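First to last, the sequence lines map onto chains B and S. Number 103 marks the last residue of the first sequence (the working numbering); no jumps. Number 103 marks the last residue of the second sequence (the working numbering); no jumps. For each residue, glycine too, the CB sits at the ideal point set by N, CA and C. All of these numbers come straight from a predicted model, not from anything done at the bench. Following: one structure in structure tokens, then a few remarks.
There are 2 protein chains.
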Amino acid sequence: MMNDHHPTREDLRLPDVLLALGNPIRLAAVKQIAIGECICSDFVTDVSKSTMTHHWRVLREAGVIQQRPEGRVIYMSLRRDDLEARFPGLLSAIFNADQAASA
Amino acid sequence: MMNDHHPTREDLRLPDVLLALGNPIRLAAVKQIAIGECICSDFVTDVSKSTMTHHWRVLREAGVIQQRPEGRVIYMSLRRDDLEARFPGLLSAIFNADQAASA
DNA sequence: TTGATAGTACGGATAGAATCGTACAATTGT
DNA sequence: ACAATTGTACGATTCTATCCGTACTATCAA
């Protein structure tokens, strides 16, 4: 039932955000979400559906993404404004990072 | 013996750096190192000496800090240039983050 | 109402991280 | 040479993450 607790902007914590993004699968997912709103099945991964559910939860609970159920899918978007308000420049630094060997 | 393998600049990986900084103890330590070179005993923490050794290793192996033994102490410094080269703006975004509830 | 689709929830397995205490190594001062 | 200082290394423990399969819920379409 998506147990949906999205933290408020004030409750975002930098270590949690960094930890959430410090996983290659989640980082890749967030980069894709950053391009535009997605649903779960848009992601091609090596891991199972239930494992992805786990990763979505970590991202949601860290306040990185927002999940918006609609019909039988869940739209996911980046919480850009909240992250920018609390941690200015962080997202762009992460998205602009040299990809040479960082994936 | 400090087993010192510092990764080269090219080998730095974003997820590893984020993971290393995604721990409150390490994040606090790095913020302090950012102010100026430190030795281990400069840090006041709740954890034991051997636990800190572990955290120094994580930071060193992620390429966040540099350890330079001198006499019987080890000077630690931030690998600012390398991090900036690979992940421009990341450090400043992290250090400038709103501290309201992020520790 | 039946079946397909999209995803969560739960329980369990495995792997990895954090922590500690103790033992050790290297350097320095006496 | 001895003791003190500064830190690492190792092994054990505990806690947390990752991952899977299965079972379930909710929605939509026929």
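Query: Proximal residues of chain S, C-beta to C-beta of G22 (chain B) below 7 Å; Result: P15, L18, L19, G22
Query: Helix, strand or coil at S48 (chain S) according to DSSP, with G and I counted as helix; Result: coil
Query: Residues within the segment 56 to 79 of chain B neighbouring chain S, beta-carbon criterion of under 9 Å; Result: none
Query: Straight-line Cα distance separating D16 (chain S) from D81 (chain S); Result: 17 Å
Query: Where the beta strand (DSSP E) through S77 (chain S) begins and ends; Result: 73 to 78
Query: DSSP state of P88 (chain B) mapped onto helix, strand, coil; Result: coil
Query: Cβ-based neighbour list, V58 (chain S), same chain, cut-off 7 Å, excluding 5 preceding and 5 following; Result: A20, R26
Query: Euclidean distance between Cα positions of A106 (chain B) and V30 (chain S); Result: Residue numbering for chain B in the displayed model covers 1 to 103; residue 106 (chain B) lies beyond these limits and cannot be assessed.
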